[in-house]
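First residue of the sequence shown: 3, per the working numbering; consecutive thereafter.
All residues carry an ideal CB built from backbone N, CA and C; glycine is no exception.
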Amino acid sequence: MSKSILIKTDLPGPKSKEIQQKRGEYIARPMGSSLSPCYIASGEGALVNDVDGNRFIDLTGGWGCLVVGHSHPRVVKAIQRQVEDYLHTDFTAVPYQPLIDLAEKLVELAPGKEPKTAAFFNSGAEAVENAVKIARAYTKRPAIVVFENAFHGRTLLAMTMTHKAMPYKYHFGPFAPEIYRLPFPTPSHPLEYTIWEKKLLQIVIPESVAAIVIEPIQGEGGFNVPQEGFLKFLRELTKKYGILMVLDEVQSGVGRTGKFYAIENWNVEPDIICLGKSLASGLPLSAVIAKKIITDSLPEGCIGGTYVGNPVACRVALEVLAIIREENLLERAIHIGEILKERFLQMKDKYSIVGDVRGIGAMMAIELVKDRKTKEPATEETARIIQECVQQGVFIPSAGLNKNVLRILVSLSITDEQLNEALDVLEGAMSRI
Ligand SMILES: Cc1ncc(COP(=O)(O)O)c(C=O)c1O
Numbered sequence: 003m004s005k006s007i008l009i010k011t012d013l014p015g016p017k018s019k020e021i022q023q024k025r026g027e028y029i030a031r032p033m034g035s036s037l038s039p040c041y042i043a044s045g046e047g048a049l050v051n052d053v054d055g056n057r058f059i060d061l062t063g064g065w066g067c068l069v070v071g072h073s074h075p076r077v078v079k080a081i082q083r084q085v086e087d088y089l090h091t092d093f094t095a096v097p098y099q100p101l102i103d104l105a106e107k108l109v110e111l112a113p114g115k116e117p118k119t120a121a122f123f124n125s126g127a128e129a130v131e132n133a134v135k136i137a138r139a140y141t142k143r144p145a146i147v148v149f150e151n152a153f154h155g156r157t158l159l160a161m162t163m164t165h166k167a168m169p170y171k172y173h174f175g176p177f178a179p180e181i182y183r184l185p186f187p188t189p190s191h192p193l194e195y196t197i198w199e200k201k202l203l204q205i206v207i208p209e210s211v212a213a214i215v216i217e218p219i220q221g222e223g224g225f226n227v228p229q230e231g232f233l234k235f236l237r238e239l240t241k242k243y244g245i246l247m248v249l250d251e252v253q254s255g256v257g258r259t260g261k262f263y264a265i266e267n268w269n270v271e272p273d274i275i276c277l278g279k280s281l282a283s284g285l286p287l288s289a290v291i292a293k294k295i296i297t298d299s300l301p302e303g304c305i306g307g308t309y310v311g312n313p314v315a316c317r318v319a320l321e322v323l324a325i326i327r328e329e330n331l332l333e334r335a336i337h338i339g340e341i342l343k344e345r346f347l348q349m350k351d352k353y354s355i356v357g358d359v360r361g362i363g364a365m366m367a368i369e370l371v372k373d374r375k376t377k378e379p380a381t382e383e384t385a386r387i388i389q390e391c392v393q394q395g396v397f398i399p400s401a402g403l404n405k406n407v408l409r410i411l412v413s414l415s416i417t418d419e420q421l422n423e424a425l426d427v428l429e430g431a432m433s434r435i
């Protein structure tokens, strides 16, 4: 079997080095460094070619935006066709059908029987902000409950809802008011639900809470899967106090877990769901799917934005949904998840640094620890493994408050051979560390 990875130069190669030098001069430092020191020339599926002719397997998928892969030919065609027809009008000036067709499809796919509507935005943070605005306006309540380890974006409200201080909240306060944070119970950090409710009642009057916003599987926080029954418990609890249940599926949605909406893995009907990232395969598009009774209660024109739901991104999203269906990507997600779990569990048997293997479908991760009993995070070792993988031709992202989780955000179009090749590289790096 021929290998996908091809490393021809020292990394970074000479052309990447030249671009990197220019970056140092002109790009604002807070934009940060990149996982890869090599600059992309082209991408295809799960593969990235750099400007020096090296080829990598990309497990970052553009931080989870590329469920259908880099530059899927149908996505490229959809962009070309739409750009030739018209590029922008603003839906509130001259409306267009692709936005309505996309809303219909997302609503049809949404779990539960209650009628729903869709609204569109540009980024995940914007979707979360608007879900909160809608929840506050509908309930006429101010407070929002979020979770430890949560990530909801970087705008003022979303940044406040995000847990991790560095780098996301660096001297960026004052933060938004009325945000309350509670534990996210998981199998390895369990919590009795009666205690969780008590904690809620200790920090906020439940009758003042508009919404509990939760990632059904936490993304940046380390691919944390909630403790058995927690989401059902939350659904009952929110109903009891008249609170809305809002799911942030910006990272976990659009098929990654083997279901289109991650919440379909549990039998729960939320009030509002936020989608983003892979929805338009890397073009800026996010969505808020909400019960119609909620959105009908708000006046016309109170949410929006110049570029929200732009026609190119909507046409691409329609194509993404068709590709997921026709290329059986939900089944692929399950299959990829099985390969990942088996290989990760084998690594756990061999290497004591692997403390935990967790996830659902292709949203799978391993947590690296210095000591399995104390669970002390192996942060430096994780960074070294990532760098070693880059040198061997694999981009793999980290996650978690302590950056000691390796998570897989790969395109679901990756072949078994490519996936195993990437995992061989990861295992090699792990064995050396
Ligand atoms: C769960 C979740 N919500 C919100 C966001 C923010 O999305 P964006 O970066 O598009 O604003 C992210 C981004 O990683 C995310 O993972």
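ask   = Out of T164, I387, I136, Q253, which has the shortest C-alpha to C-alpha gap to A178?
value = T164
Candidates E251, V427, S433, I435: closest to L61 by CA position = V427
Between the CA atoms of V322 and A289 - distance to the nearest angstrom = 14 Å
request  = Measure the C-alpha to C-alpha separation of S413 and G66 and round it to an integer number of angstroms.
outcome  = Spanning the two alpha carbons is a distance of roughly 8 Å.
message = Please tell me whether, using a cut-off of 7 Å, the distance from the CB of H165 to the nearest non-hydrogen atom of ligand 1 is below it.
response = No - ligand 1 has no heavy atom lying nearer than 7 Å to the Cβ of H165.
ask   = Among residues of its own chain, excluding the 5 on either side of A112, which ones have a beta-carbon nearer than 7 Å to its beta-carbon?
value = K118, Y263, I275, I291
Strand pairing of R409, partner residues [DSSP] = A367, per the DSSP bridge assignment.
key: Own chain partners of Y370 with C-beta closer than 8 Å, once the 5 adjacent residues on each side are dropped   = It is worth fixing the name first, because residue 370 is Leu in this sequence and not Tyr. Answer for L370: I355, V356, G357, P379, A380, E383, T384, I387, N406, V407, L408, listed in chain order.
ask   = How would you call A145, buried or exposed, if buried means at least 16 neighbouring beta carbons within 10 angstroms?
value = buried
ask   = How many angstroms separate the CA atom of P39 from the CA atom of C304?
value = 43 Å
query = Whose C-alpha, out of G244, I59, Y140, is nearest the C-alpha of I9?
reply = I59
ask   = DSSP three-state call for Y243: helix, strand or coil?
value = helix
task = Quick one: grab the DSSP three-state call for V130.
result = helix
Other residues of its chain near E390: CB distance less than 6 Å, five sequence neighbours each side excluded = A431
ask   = Looking only at its own chain, which residues have a Cβ that is under 8 Å from the Cβ of F260, when we skip the five neighbours before and after it?
value = It is Gly, not Phe, that sits at residue 260 in the sequence shown. Only N267, L332, E333, A335, I336, G339, I362, G363, A364 meet the Cβ criterion.
ask   = Between D418 and ligand 1, is the CB less than 7 Å from at least one heavy atom?
value = no
ask   = Considering Y182, what are the terminal residues of the beta strand (DSSP E) in which it resides?
value = 181 to 184
ask   = According to DSSP, what are the bridge partners of S73?
value = None, per the DSSP bridge assignment.
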